[in-house]
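First comes the structure, then the notes that go with it.
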Amino acid sequence: MEMQLDPMTDDLPLMANTSHMLVKHYTLDLDVDFESQIIEGIIVFFFETGNRYRKTSSTSEEGCQSQLDETCGTGVSEPYHIPVTNLSAHSSKTEYNDFAVCVKGEKDTSDKNGNHSNREQASGISSSKNCCDIENHGSTDFLLVLDCCDLSVLKVEEVDVAAVTGIEKFTRSAKLTDAAKEPGNLRNQIVHELVTLPADRWKEQLYYYTCCSQAPGCGELLFTTGTWSLEIRKSGIHSPKDFPHAIRIWYKTKPEGRSITWTTDQSGRWHEERCGHMDYPCRFQNSAARLQAVIPYRVFTPWCLMESCKELVLQLIPQCLSAAYTTLGTHPFSRLDVLIVPSNFSSLGMASPHIIFLSQSVLPGGRHLCGARLCHEIAHAWFGLAIGARDWTEEWISEGFATYLEDIFWARAQQLSYEEEKGQQELKALLRWRRLRDEVQNSEEELQVLRPNKENTGEVSESGASVVKHGLKAEKIFMQVHYLKGYFLLQSLARTMGEASYLASLRKFVHKFHGQLVLSQDFLYMLLEDIPEQKESGLTIESIFQNWLDTSGIPKPLLEEGETWKECQLVQQVSGEVTKWIQTNQRIRKSGKKKRKQDEVVFEKLLPDQLVLLLESLLEEKTLCPRTLQCLEETYKLHEQDAEVRHRWCELVVKHKYGPGYGDVEKFLREDQAMGVYLYGELMVNEDAKQQELAYKCFAATREHMDVSSAKVVAEMLF
Numbered sequence: 003m004e005m006q007l008d009p010m011t012d013d014l015p016l017m018a019n020t021s022h023m024l025v026k027h028y029t030l031d032l033d034v035d036f037e038s039q040i041i042e043g044i045i046v047f048f049f050e051t052g053n054r055y056r057k058t059s060s061t062s063e064e065g066c067q068s069q070l071d072e073t074c075g076t077g078v079s080e081p082y083h084i085p086v087t088n089l090s091a092h093s094s095k096t097e098y099n100d101f102a103v104c105v106k107g108e109k110d111t112s113d114k115n116g117n118h119s120n121r122e123q124a125s126g127i128s129s130s131k132n133c134c135d136i137e138n139h140g141s142t143d144f145l146l147v148l149d150c151c152d153l154s155v156l157k158v159e160e161v162d163v164a165a166v167t168g169i170e171k172f173t174r175s176a177k178l179t180d181a182a183k184e185p186g187n188l189r190n191q192i193v194h195e196l197v198t199l200p201a202d203r204w205k206e207q208l209y210y211y212t213c214c215s216q217a218p219g220c221g222e223l224l225f226t227t228g229t230w231s232l233e234i235r236k237s238g239i240h241s242p243k244d245f246p247h248a249i250r251i252w253y254k255t256k257p258e259g260r261s262i263t264w265t266t267d268q269s270g271r272w273h274e275e276r277c278g279h280m281d282y283p284c285r286f287q288n289s290a291a292r293l294q295a296v297i298p299y300r301v302f303t304p305w306c307l308m309e310s311c312k313e314l315v316l317q318l319i320p321q322c323l324s325a326a327y328t329t330l331g332t333h334p335f336s337r338l339d340v341l342i343v344p345s346n347f348s349s350l351g352m353a354s355p356h357i358i359f360l361s362q363s364v365l366p367g368g369r370h371l372c373g374a375r376l377c378h379e380i381a382h383a384w385f386g387l388a389i390g391a392r393d394w395t396e397e398w399i400s401e402g403f404a405t406y407l408e409d410i411f412w413a414r415a416q417q418l419s420y421e422e423e424k425g426q427q428e429l430k431a432l433l434r435w436r437r438l439r440d441e442v443q444n445s446e447e448e449l450q451v452l453r454p455n456k457e458n459t460g461e462v463s464e465s466g467a468s469v470v471k472h473g474l475k476a477e478k479i480f481m482q483v484h485y486l487k488g489y490f491l492l493q494s495l496a497r498t499m500g501e502a503s504y505l506a507s508l509r510k511f512v513h514k515f516h517g518q519l520v521l522s523q524d525f526l527y528m529l530l531e532d533i534p535e536q537k538e539s540g541l542t543i544e545s546i547f548q549n550w551l552d553t554s555g556i557p558k559p560l561l562e563e564g565e566t567w568k569e570c571q572l573v574q575q576v577s578g579e580v581t582k583w584i585q586t587n588q589r590i591r592k593s594g595k596k597k598r599k600q601d602e603v604v605f606e607k608l609l610p611d612q613l614v615l616l617l618e619s620l621l622e623e624k625t626l627c628p629r630t631l632q633c634l635e636e637t638y639k640l641h642e643q644d645a646e647v648r649h650r651w652c653e654l655v656v657k658h659k660y661g662p663g664y665g666d667v668e669k670f671l672r673e674d675q676a677m678g679v680y681l682y683g684e685l686m687v688n689e690d691a692k693q694q695e696l697a698y699k700c701f702a703a704t705r706e707h708m709d710v711s712s713a714k715v716v717a718e719m720l721f
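In structure tokens form, the structure reads like this:
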């Protein structure tokens, strides 16, 4: 009879006959239905004969035990469990077609709680007390007893592990007898060999566990469920040695099950909010996708760059993907291909669904530029692709967010400490502030406005037609005002809210608006809802439009920010190095052509962004001597640095007409065309014959394959 236990007073019964059979490994494939509060799926168990049966050796079993010892080797280790869950095979929708409720030819018996049993009613099996008569071998079928509570078991079957491709390597033992070659014994032998593999072959073992768990069934097993156990038997099998060592069980949990609690989260939601977009296979509603920190990725590159990509890009992609997932959650796309594009590509990178185009210019000079650019393009998966601008003039929604998130992702990919992250971001902010300052001084005012259509933004004609303001101006492609002003706006909002709260709001925005086209106010309305107290201090959508989006020039709140970043330790370190170089240049000028002994100056090692700031600062000096430039190049090996550093070096070479550096300029104009456009202008403005000849030479060599907009802008500079 079924045991009646009082949960308030009685002990929890563990009824599994572990002395006879041990679970050595299991694999799970589950599907969760939040609405019905049921978890449904399949579990595959891999067994090994238990200790008690191994050690029992009676006269009547001597022959059997001898064979067992021969096939099972020496001893049995303690059981261990490594769950292998393949969640990618199913969505949150229930789509199982293999859930047979009863065995063909057997009577289906089902209790009121949904338990199913294909046990023969005349078997006389009622509990685990007489489940296995080891001492009276052969008097009754062996029962495998598993602890089980509040589950509806639908089907149990033996797994044909012998059908797995390549599994024959586990059956080549010369010790196998004819009896062991019987199908059932052969399958058990395979499982035994698999579960007893040495620890140093764990990867191979895990691979075959997965393969075996997906092998076809080879016969259903009789089972019955009780309150505390699941009992399984195979007709005619009288000992654990002969019982199937790999079985598959289909089951469901019950909403009232005592082992699972269904509850709401801290926000009061018990499931994800419904998506607001049109119907498509959305990863934000896919339970497997929500757990995928690193999506599958590949890199496509010409052979000449293969080694660089192996050493750099392939190492960085998973770090950057994981950092992005940590920040924003579910990856909007299921995979990522990275294509390394040649020198005539018009930018350092571009993102499309499932693919990133990455310029070869990011490969030289170490991890920094490549990693930061990867992070920028990965950020576009959320901002630019999963969420797009309803009005194309509002490209800051894509580029501003990607520029801001680039720093967050890259800091997390590098696993920086808080102080390191803060220092690098302040240094980067200063560099961007300087770049924005230069751009607003050297570009048309109307091209500096992030929302040029203002109150008409997002409006279209009755037919749906619209225009992209200034969309055909070639020089607009090379401007970074949308990147920079957008970045500084988002940084300002983050500083107001606190970074943690701000990033939480970004995740909320992504969950609400993915798959949709938005306007600036969609984001700003939602953000200000999260910080209503800021309305009292004047932070409103109208003030943000006025200060940041609808006017040219540097936004008023940003005018004084440049001074604060100069106090950063990394910036102060650069300032000290700039002073050393200015003093070195003065000493060299005073010494004239005579090379007199001087006290050796020790220059500190600098980060790539620090080198950029150093060279930009030296560009502000009126004159630098050739020997100073030579020393500068040798000290930092500038020709080996990343493209951002080499670009500033080329500017120094051009400004000071440093002949030995012209080779570096030519190489840059040929191989880094995405960044070299404005170098042509600098070569022409000096009205130096050699420099102009260099400009004409490089343009003639690259013009045919150059990006159309780039060629147009350069031609206007040269002719």
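Heads up: the sequence shown runs through residues 3 to 721, numbered per this note's numbering.
Here a beta-carbon is modelled for each residue, glycine too, at the ideal position from N, C-alpha and C.
query: Return the residue from the list Arg-589, Asp-644, Val-604 and Ala-645 that minimises the CA-CA distance to Pro-628.; result: Arg-589
query: Just how far apart, CA to CA, sit Ile-380 and Arg-369?; result: 16 Å
query: By DSSP, does Glu-160 sit in helix, in strand, or in coil?; result: strand
query: Do Phe-302 and Val-340 have their C-beta atoms within less than 9 Å of each other?; result: yes
query: Can you check whether the CB of Pro-246 is closer than 9 Å to the CB of Ala-165?; result: no
query: What residue from Gly-221, Trp-252 and Thr-229 has the CA that sits closest to Ser-237's CA?; result: Gly-221
query: Touching or not, the segment 403-417 and the segment 486-500, by the rule of three or more beta carbon pairs under 8 Å?; result: yes
query: In chain order, what residues of the same chain have a beta carbon less than 6 Å from the beta carbon of Lys-558, not counting five sequence neighbours either side?; result: Asn-549
query: How big is the Cα-Cα spacing for Tyr-420 and Leu-376?; result: 22 Å
query: If you draw a straight line from the C-alpha of Gln-417 to the C-alpha of Pro-320, how long is it?; result: 13 Å
query: Whole angstroms are fine: how far does the CA of Ala-388 sit from the CA of Lys-624?; result: 48 Å
query: With DSSP as the reference, label Ile-389 as helix, strand or coil.; result: strand
query: Alpha carbon to alpha carbon, how far is Ser-619 from Gln-317?; result: 33 Å
query: Excluding the five sequence neighbours on either side, which residues of its own chain have a C-beta within less than 6 Å of the C-beta of Leu-485, listed in chain order?; result: Reading the sequence as shown, one finds Tyr at residue 485 and not Leu. The answer, listed in chain order, is Glu-401 and Thr-405.
query: Using CA atoms only, rank isn't needed, just tell me which of Ser-310, Cys-306, Ala-295 and Met-308 is closest to Tyr-327.; result: Ala-295
query: Looking only at C-alpha atoms, which of Glu-396, Met-499, Arg-434 and Arg-436 sits nearest to Gly-473?; result: Glu-396
query: How would you label Arg-203, buried or exposed, when you count the other beta carbons within 10 angstroms and need 16 or more for buried?; result: exposed
query: In whole angstroms, what is the alpha-carbon distance linking His-513 and Trp-394?; result: 22 Å
query: Closest by CA to Val-580, which one among Tyr-28, Val-604, Lys-510 and Glu-562?; result: Val-604
query: Within 10 Å of its beta-carbon, does Asn-444 have 16 or more other beta-carbons around it, so buried, or fewer, so exposed?; result: exposed
query: Quick check: the segment 254-264 against the segment 149-162, are at least 3 beta-carbon pairs closer than 8 Å?; result: yes
query: Do the CB positions of Glu-428 and Val-573 come within less than 9 Å of each other?; result: yes
query: Among all the DSSP beta bridges, which residues are the ones paired with His-27?; result: Phe-48
query: What would DSSP say about Ile-342, mapped onto helix, strand or coil?; result: strand
query: Evaluate Ala-697 with the Cβ neighbour count: other Cβ atoms within 10 Å of its Cβ, from every protein chain shown; 16 or more gives buried, anything less gives exposed.; result: buried
query: I need the DSSP call for Glu-37, collapsed to helix, strand or coil.; result: coil
query: Tell me where the beta strand (DSSP E) around Lys-639 begins and ends.; result: Element bounds for Lys-639: n/a, residue is neither H nor E.
query: Between Lys-424 and Arg-439, what straight-line distance do the alpha-carbon atoms span, to the nearest angstrom?; result: 22 Å
query: On a Cα-Cα basis, can you pick out the residue from Ala-691, Glu-642, Gln-643 and Gly-663 that is closest to Cys-652?; result: Gly-663
query: Leaving out five residues on either side along the sequence, give the residues of the same chain with a beta carbon under 8 Å from the beta carbon of Ile-169.; result: Val-163, Ile-192, Tyr-210, Cys-213 and Cys-214
query: For Met-481 and Val-716, what's the separation of their Cα atoms in angstroms?; result: 15 Å
query: Quick check on DSSP: helix, strand or coil for Glu-108?; result: With a pLDDT of only 37 at Glu-108, under 50, the local geometry of the prediction cannot be trusted, and the value read off the model is given with reservation. Reduced to three states, the DSSP call for Glu-108 is coil.
query: Leaving out five residues before and five after Leu-640 in sequence, what residues of the same chain have Cβ atoms less than 6 Å from its Cβ?; result: Trp-651
query: Just how far apart, CA to CA, sit Leu-433 and Ala-645?; result: 15 Å
query: Reducing DSSP to helix, strand and coil, say where Val-451 ends up.; result: coil
query: So, helix, strand or coil for Tyr-253, using DSSP?; result: strand
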